[in-house]
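Enquirer: Would you mind keeping the following structure in view while I ask a few things?
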Amino acid sequence: MDGYIERMQAKENQCLSLIQQADDVLAANNFQPSKEECVYLQRAANLRYEMAQMSVGEERLYQQRKLQELNQRIKKIVRAVNPELYKRMQENLTRQKEEKGAGNKDAKTIEKPAGGGSGKKSGSSGSGIPDETVESWFKDAPKHSFDDVSGMAQLKEQLRECIADSQLNRLKSYLKMEQLHSYFFIGPPGCGKTYIIEAFAHELMDQNYKYLSLVGSDILSRFVGEAEKIITRLFEEAEKNAPCIVFIDEVDGVCKNRSQPMLPEYAASLTTAFLTGYNRINSSDKPIIFIGATNYPNQVDNAMLDRVELVRVPFPDLEARTYSFEKHFQDMFTLEEGFAFQDMAAATDTYNYRDIKRLVSRIKNMVLKDVMQTYKDEEKAINALKTGEYRLTREMFRKGQDSCLPTPKEDIIRELDEWEEKFKRNIDEG
Numbered sequence: 008m009d010g011y012i013e014r015m016q017a018k019e020n021q022c023l024s025l026i027q028q029a030d031d032v033l034a035a036n037n038f039q040p041s042k043e044e045c046v047y048l049q050r051a052a053n054l055r056y057e058m059a060q061m062s063v064g065e066e067r068l069y070q071q072r073k074l075q076e077l078n079q080r081i082k083k084i085v086r087a088v089n090p091e092l093y094k095r096m097q098e099n100l101t102r103q104k105e106e107k108g109a110g111n112k113d114a115k116t117i118e119k120p121a122g123g124g125s126g127k128k129s130g131s132s133g134s135g136i137p138d139e140t141v142e143s144w145f146k147d148a149p150k151h152s153f154d155d156v157s158g159m160a161q162l163k164e165q166l167r168e169c170i171a172d173s174q175l176n177r178l179k180s181y182l183k184m185e186q187l188h189s190y191f192f193i194g195p196p197g198c199g200k201t202y203i204i205e206a207f208a209h210e211l212m213d214q215n216y217k218y219l220s221l222v223g224s225d226i227l228s229r230f231v232g233e234a235e236k237i238i239t240r241l242f243e244e245a246e247k248n249a250p251c252i253v254f255i256d257e258v259d260g261v262c263k264n265r266s267q268p269m270l271p272e273y274a275a276s277l278t279t280a281f282l283t284g285y286n287r288i289n290s291s292d293k294p295i296i297f298i299g300a301t302n303y304p305n306q307v308d309n310a311m312l313d314r315v316e317l318v319r320v321p322f323p324d325l326e327a328r329t330y331s332f333e334k335h336f337q338d339m340f341t342l343e344e345g346f347a348f349q350d351m352a353a354a355t356d357t358y359n360y361r362d363i364k365r366l367v368s369r370i371k372n373m374v375l376k377d378v379m380q381t382y383k384d385e386e387k388a389i390n391a392l393k394t395g396e397y398r399l400t401r402e403m404f405r406k407g408q409d410s411c412l413p414t415p416k417e418d419i420i421r422e423l424d425e426w427e428e429k430f431k432r433n434i435d436e437g
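Quick note: the sequence shown uses our numbering, first residue 8, plus one each step.
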């Protein structure tokens with residue numbers, strides 16, 4: 008309960024700060040609406056939406072009222088700043104309502120674009136996205152590969168099969184198999200989703216794949232019309248540069264579930280743009296691997312979830328935690344007799360990688376103070392660490408643990424388990 012109150016208060020403070028910044032921009036602009044004001048309000052509305060989803064009863068009604076106020080203010084700005092975009096948003100909203108009424112919620116939204124598969128090339132869309140921005144989406148090969156990922160044996164085997172399949176495009180074409188592979192990596196924060204995705208990209212780039220990567224929060228930080236253009240251009244670039252990997256982290260931010268009550272209209276419009284862009288690469292029949300990562304799959308639109316393979320990334324297992332401690336401490340500390348990295352791993356079964364990193368940092372600070380207090384001289388302290396004269400003890404490790412507790416995870420694990428069970432049940436029921 009205390010964690011819930013703290014999270015809500017933090018979001019409330021952020022929200023009020025963003026609204027104040029929007030008010031300041033409005034005043035500085037002689038009370039004329041602007042894109043900058045709208046961006047602040049969009050971010051505030053996202054927080055209100057999250058708080059409404061988290062809460063119940065009177066609190067939820069309150070958050071929904073506040074969200075509605077922000078939505079109305081955003082609509083007025085969009086109508087004044089970009090009437091064409093406002094008209095398109097209203098058309099999308101009307102079409103979505105008609106589709107729900109007809110019991111065919113996603114059909115029109117996911118239609119293939121006219122001429123799908125012909126493939127407009129970079130710069131031909133008139134998106135207005137600067138070339139230097141597009142270039143920033145193309146990433147160099149990540150430095151780590153599967154060899155650097157400990158544990159997750161089953162997941163790595165699954166991804167290695169995908170890599171092997173990616174080299175059989177001619178055979179897949181003969182068998183009339185889809186070239187597009189789509190994955191959603193889901194799991195709690197700190198479980199290593201991004202790390203293993205980057206290792207996956209490293210392996211594929213050895214097979215001459217290009218790698219495009221964006222974070223959902225970066226897209227959301229733009230004015231709604233510009234965010235749509237970014238999404239559209241991203242999928243155009245993917246089609247043009249196949250074979251390639253497209254990775255969007257925090258994908259729940261740019262493909263929100265349109266069935267959720269009180270979803271802001273601009274967020275629904277962005278989801279429509281996302282689904283249209285995704286369908287573009289699907290209909291192009293080119294070797295593209297699309298990857299989304301999210302901590303909150305329940306917030307992703309069902310039309311997208313129906314089109315991807317879900318990959319549940321677990322917390323680091325014993326092997327992975329052992330490797331992580333070795334990586335952090337090896338060639339730095341000698342451990343006391345009878346104390347091993349496996350013992351550290353066994354004592355941290357509820358830790359994710361971020362918890363381990365915080366614990367390691369705490370232990371290093373403890374060692375820094377203790378070794379200097381013992382040897383008084385920096386060179387002598389370093390030499391004692393190198394030679395093993397000074398050793399890291401089990402007791403010091405325990406003290407570090409006592410002062411650096413792992414983050415609570417029960418709520419998000421339960422939510423993920425319940426959502427995954429419901430999702431699989433819906434698939435089984437057709």
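Even for Gly, the Cβ is constructed at its ideal location relative to N, Cα and C.
State the Cα-Cα distance for the pair Trp-426 and Asn-305, rounded to the nearest angstrom.
Expert: Taking the first residue of the sequence shown as position 1, residue 426 is located at position 419. Taking the first residue of the sequence shown as position 1, residue 305 is located at position 298. Rounded to the nearest angstrom, the two C-alpha atoms are 7 Å apart.
Enquirer: Helix, strand or coil, according to DSSP, for Gly-299 in the structure here?
Expert: Reading the sequence shown from its first residue, position 292 is the one you call residue 299. Per DSSP, reduced to three states, the secondary structure at Gly-299 is strand.
Enquirer: Using CA atoms only, rank isn't needed, just tell me which of Gly-299, Ala-249, Thr-329 is closest to Leu-317.
Expert: Here residue 317 corresponds to residue number 310 of the sequence shown, with the count starting at 1. Checked all of Gly-299, Ala-249, Thr-329; the closest Cα to Leu-317 is Gly-299.
Enquirer: Give me, in chain order, the residues of the same chain whose beta-carbon lies closer than 7 Å to that of Gln-70; leave out the 5 immediate sequence neighbours on both sides.
Expert: Locating residue 70 in the sequence shown gives position 63, where the first residue counts as 1. Only Arg-55, Met-58, Ala-59, Ser-62 meet the Cβ criterion.
Enquirer: Roughly how many whole angstroms lie between the Cα atoms of Phe-404 and Phe-332?
Expert: Mapped onto the sequence shown, residue 404 falls at position 397. Mapped onto the sequence shown, residue 332 falls at position 325. If you take the alpha carbons of Phe-404 and Phe-332, they lie about 12 Å apart.
Enquirer: At the level of alpha carbons, what is the spacing between Leu-342 and Arg-398?
Expert: Numbered from 1 along the sequence shown, position 335 holds the residue referred to as residue 342. Numbered from 1 along the sequence shown, position 391 holds the residue referred to as residue 398. C-alpha of Leu-342 to C-alpha of Arg-398: approximately 5 Å in a straight line.
Enquirer: What residue from Thr-355, Arg-361, Ala-352, Gln-408 has the CA that sits closest to Met-373's CA?
Expert: Residue numbering aside, residue 373 sits at position 366 when the sequence shown is read from its first letter. Ranking the options by Cα distance to Met-373, first place goes to Gln-408.
Enquirer: Using DSSP bridges, identify the partner residues of His-188.
Expert: As a first step, residue 188 is located in the sequence shown; it is residue number 181 there, counting from the start. Note: His-188 sits in a beta bridge opposite Ile-296.
Enquirer: So, is His-12 buried or exposed, given that buried needs 16 or more other C-beta atoms within 10 angstroms?
Expert: Residue mapping note: residue 12 aligns to position 5 of the sequence shown, counting from 1. What sits at residue 12 in the sequence shown is Ile, not His. Answer is exposed; the Cβ neighbour count stays below 16.
Enquirer: Taking only the alpha-carbon atoms, compute the straight-line gap between Ala-354 and Thr-279 and give it to the nearest angstrom.
Expert: Taking the first residue of the sequence shown as position 1, residue 354 is located at position 347. Taking the first residue of the sequence shown as position 1, residue 279 is located at position 272. The alpha-carbon atoms of Ala-354 and Thr-279 are separated by roughly 46 Å.
Enquirer: Could you tell me the boundaries of the alpha helix (DSSP H) in which Ser-220 lies?
Expert: The residue you call residue 220 lines up with position 213 of the sequence shown. Counting along the chain, no alpha helix (DSSP H) covers Ser-220; the unbroken beta strand (DSSP E) around it starts and ends at 217–222.
Enquirer: Pull up the distance between the alpha-carbon of Lys-376 and that of Phe-340, whole angstroms please.
Expert: Taking the sequence shown and counting its residues from 1, the one referred to as residue 376 is at position 369. Taking the sequence shown and counting its residues from 1, the one referred to as residue 340 is at position 333. Near 15 Å, if we compare the C-alpha coordinates of Phe-340 and Lys-376.
Enquirer: Between Met-351 and Thr-357, what straight-line distance do the alpha-carbon atoms span, to the nearest angstrom?
Expert: Start at 1 with the first residue of the sequence shown, and residue 351 comes out as number 344. Start at 1 with the first residue of the sequence shown, and residue 357 comes out as number 350. Their backbone Cα atoms lie some 12 Å apart in a straight line.
Enquirer: If I follow the unbroken alpha helix (DSSP H) through Asp-377, where does it start and stop?
Expert: Here residue 377 refers to the residue found at position 370 when the sequence shown is read from its first residue. Per DSSP, Asp-377 belongs to the alpha helix (DSSP H) from 360–382.
Enquirer: Evaluate Ser-157 with the Cβ neighbour count: other Cβ atoms within 10 Å of its Cβ, from every protein chain shown; 16 or more gives buried, anything less gives exposed.
Expert: Along the sequence shown, read from residue 1 onward, the residue named residue 157 stands at position 150. With 16 or more other Cβ atoms within 10 Å, it is buried.
Enquirer: For Leu-227, collect the residues of the same chain with a Cβ closer than 6 Å to its Cβ; drop the 5 residues on either side in sequence, then sort them by chain order.
Expert: For the purposes of this step, residue 227 is identified with residue 220 of the sequence shown, where counting begins at 1. In the same chain as Leu-227, and ignoring 5 residues on each side of it, the C-beta atoms closer than 6 Å to its own belong to Gly-260, in chain order.
Enquirer: What residues in its chain sit with their C-beta under 8 Å from that of Glu-65, if we drop five residues either side in the sequence?
Expert: As a working mapping, residue 65 is identified with position 58 in the sequence shown. No residues qualify anywhere along the chain.
Enquirer: My output table needs one value for Phe-242: the three-state DSSP class, helix, strand or coil.
Expert: Taking the sequence shown and counting its residues from 1, the one referred to as residue 242 is at position 235. In this structure, Phe-242 counts as helix in the three-state DSSP scheme.
Enquirer: Using DSSP's beta-bridge definition, name the partner residues of Leu-399.
Expert: Numbered from its first residue, the sequence shown carries residue 399 at position 392. Answer by DSSP bridge pairing, in chain order: Leu-342.
Enquirer: Return the first residue and the last residue of the alpha helix (DSSP H) that Glu-326 is part of.
Expert: For this step, residue 326 is matched to residue 319 along the sequence shown. DSSP places Glu-326 in the uninterrupted alpha helix (DSSP H) bounded by 325–336.
Enquirer: Look up Glu-428 in the DSSP assignment and say whether it is helix, strand or coil.
Expert: As a first step, residue 428 must be located in the sequence shown, where it is residue number 421. In the structure shown, Glu-428 sits in a helix (DSSP, three-state: H, G or I).
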